[in-house]
Ligand code: IPE
Ligand code: IPE
Ligand code: MG
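Residue numbers (our numbering): 6 to 255.
Shown next as structure tokens:
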């Protein structure tokens, strides 16, 4: 059995994952088109990446576009598709100077060659950085990622490169898009919704969840701080006992 606590030593930097939700409702409340909310959401993303520095966060993973978001109207999909390119074009120089390492999780299928190029450049340019690990989940779906991992292992077995009995949790984790990331310590979802919407299904096994009643374009450093304070009150047991209960039981 894999040890789920292996990467969650209290001294190690936190992995915070956020479902950036509520852009459409934010715009609607203002009588504006949904794309206006996505543009405001990009500003919140910039704020929160900046705020992550100095809050003990070593890993920040942001859900930006799900495999199901293709089901939205073409004009909205086009706007959402343009956001990471805009973000990288304007921000990558500064992120690089700040030591941020950028990764993009998700399928490249359906993305324009230009966007794929910007993603590759951002990843390659920041590969050697040792500051904040920023991952953008874009065209990402937890189920699709699990299926891709299962398929990769099945192909390895069919080709005689692996045996079914070799597969365990640790090996399976290494077949996922998140193979280089520790599991998330806390998954934050603003906007009032209380669901994962296909985000980090496997990786969330022992994550704490914090739901906040604020729409993503309004999300700021104080909201992040409040979420981390809630997280700090949680008692993580990983199926075992809290140290004081182990002593009491012996
Ligand atoms: C988050 O905001 C952005 C994406 C899902 C891509 P939404 O667009 O989902 O906003 P709401 O949930 O409709 O308010
Ligand atoms: C999840 O939000 C996806 C992202 C934030 C990128 P959605 O708005 O798509 O999720 P549902 O439809 O409310 O479950
Ligand atoms: Mg939404």
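Cβ coordinates follow ideal geometry from the N, Cα and C atoms, glycine included. Quick caveat: nothing in here was measured; it's all calculated off a predicted structure.
Do residue 29 and residue 42 have their C-beta atoms closer together than 8 angstroms?
Their beta carbons are under 8 angstroms apart, which means residue 29 touches residue 42 by this criterion.
Contact under 8 angstroms by Cβ, residue 25 with residue 67
Taking 8 angstroms as the cut-off, the Cβ atoms of residue 25 and residue 67 count as close.
Nonlocal neighbours in the same chain, by C-beta distance under 6 angstroms from residue 224, ignoring five residues either side
Listed in chain order, the non-local C-beta contacts of residue 224 below 6 angstroms within the same chain comprise 49, 195, local neighbours out to five positions each way being set aside.
Based on Cα-Cα distance, which residue from 205, 190, 191, 226 lies nearest to residue 178?
Ranking the options by Cα distance to residue 178, first place goes to 205.
For the region 92-104 and the region 117-137, state whether three or more C-beta atom pairs, one from each stretch, are separated by less than 8 angstroms.
With the cut-off at 8 angstroms, the region 92-104 and the region 117-137 touch.
Do the region 134-154 and the region 104-122 make contact, defined as three or more Cβ pairs closer than 8 angstroms?
Yes, the region 134-154 touches the region 104-122.
Going along the chain, which residues of its own chain have a beta-carbon closer than 7 angstroms to the beta-carbon of residue 71, five neighbours each way excluded?
Counting only Cβ-Cβ distances below 7 angstroms, and skipping sequence neighbours, we find 145, 146, 202, 203.
Tell me, please, which residues DSSP counts as bridged to residue 214.
Bridge partners of residue 214 according to DSSP: 192.
Can you tell me where the alpha helix (DSSP H) with residue 28 in it begins and where it stops?
Per DSSP, the unbroken alpha helix (DSSP H) holding residue 28 starts and ends at 28-34.
What's the C-alpha gap between residue 118 and residue 22?
Those two C-alpha atoms are separated by around 27 angstroms.
Inter-residue spacing [alpha-carbon to alpha-carbon] between residue 240 and residue 252:
Distance between the alpha carbons of residue 240 and residue 252 is about 16 angstroms.
Is it right to say residue 96 is buried, meaning 16 or more other beta carbons lie within 10 angstroms of its own, or is it exposed?
Counting other Cβ atoms within 10 Å of its Cβ, residue 96 reaches 16 or more and is therefore classed as buried.
Within 10 angstroms of its Cβ, does residue 20 collect 16 or more other Cβ (buried), or is it exposed?
So residue 20 counts as buried.
Decide if the region 185-193 is in contact with the region 212-229; the criterion is three or more beta carbon pairs, one per stretch, under 8 angstroms apart.
Counting Cβ pairs under 8 angstroms, three or more are found: they touch.
Between the CA atoms of residue 255 and residue 104 - distance to the nearest angstrom:
Distance between residue 104 and residue 255, taken at the CA atoms: about 47 angstroms.
According to DSSP, residue 142 sits in a beta bridge with which residue or residues?
Listed as beta-bridge partners of residue 142 by DSSP are 68, 110.
Residue environment, residue 106, which counts as buried when at least 16 other CB atoms sit within 10 Å:
So residue 106 ends up on the buried side.
Same chain only: Cβ atoms within 7 angstroms of residue 247, ignoring 5 sequence neighbours per side:
Result list for residue 247: 240, in chain order.
Tell me, which residues are paired with residue 23 by DSSP?
Residue pairing by DSSP places residue 23 opposite 67, 193 in a beta bridge.
Buried or exposed: which applies to residue 249, given that a residue is buried once 16 or more other Cβ atoms fall within 10 Å of its Cβ?
So residue 249 ends up on the exposed side.
Are the beta-carbon atoms of residue 83 and residue 222 separated by less than 8 angstroms?
Not a contact, by the Cβ cut-off of 8 angstroms.
Bridge partners of residue 97, per DSSP?
According to DSSP, residue 97 bridges with nothing at all.
Beta-carbon gap between residue 186 and residue 140 smaller than 8 angstroms
Contact flag set, yes.
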